[in-house]
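In what follows, a single structure is set out as structure tokens and then discussed.
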Amino acid sequence: MKHQVISPRAVTAVGPEQRLSLAEARHRELDSRLRQLGRRAFLTPGERLEEAQLKKRKLAAKDEIESLRRRIS
Numbered sequence: 002m003k004h005q006v007i008s009p010r011a012v013t014a015v016g017p018e019q020r021l022s023l024a025e026a027r028h029r030e031l032d033s034r035l036r037q038l039g040r041r042a043f044l045t046p047g048e049r050l051e052e053a054q055l056k057k058r059k060l061a062a063k064d065e066i067e068s069l070r071r072r073i074s
């Protein structure tokens, strides 16, 4: 099952509050998919690659969230 993840490119034309909201939603979506993969006993090589990519994207989303929170406050 494919999940739709919000693209960082889609948030360039909105303000910081909206970008924060979208980044938080993207982080939750990535976390959800990672939890799905984590429930499996074994991962295929493709799933292991997906997991590694998701972790990097989730960390990037977290960094963006923290940056936006600092900018807003």
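With the working numbering applied, the sequence shown covers 2 to 74.
Positions of the beta carbon are idealized from the N, C-alpha and C atoms, including for glycine.
Source: prediction; values computed, not measured.
Can you check which of these residues, the options, is closest to residue i by C-alpha distance?
{"i": "Ala26", "options": "Arg49, Glu51, Arg71 and Glu65", "result": "Glu65"}
{"i": "Arg58", "options": "Arg34, Glu18 and Gln19", "result": "Arg34"}
What distance in whole Å lies between the Cβ atoms of residue j and residue i, which are believed to be in contact at a cut-off of 8 Å?
{"i": "His28", "j": "Lys56", "result": "At roughly 12 Å, the Cβ-Cβ gap does not stay under 8 Å, so His28 and Lys56 are not in contact."}
{"i": "Leu60", "j": "Ala24", "result": "With a Cβ gap of about 12 Å, Leu60 and Ala24 do not count as contacting."}
What three-state label does DSSP hand residue i in the structure shown?
{"i": "Arg58", "result": "helix"}
{"i": "Leu44", "result": "coil"}
Could you tell me the alpha carbon to alpha carbon distance between residue i and residue j, rounded to whole angstroms?
{"i": "Gly16", "j": "Glu67", "result": "15 Å"}
{"i": "Ala42", "j": "Ile73", "result": "42 Å"}
{"i": "Gln37", "j": "Glu30", "result": "11 Å"}
{"i": "Leu21", "j": "Arg71", "result": "11 Å"}
{"i": "Glu48", "j": "Gln54", "result": "10 Å"}
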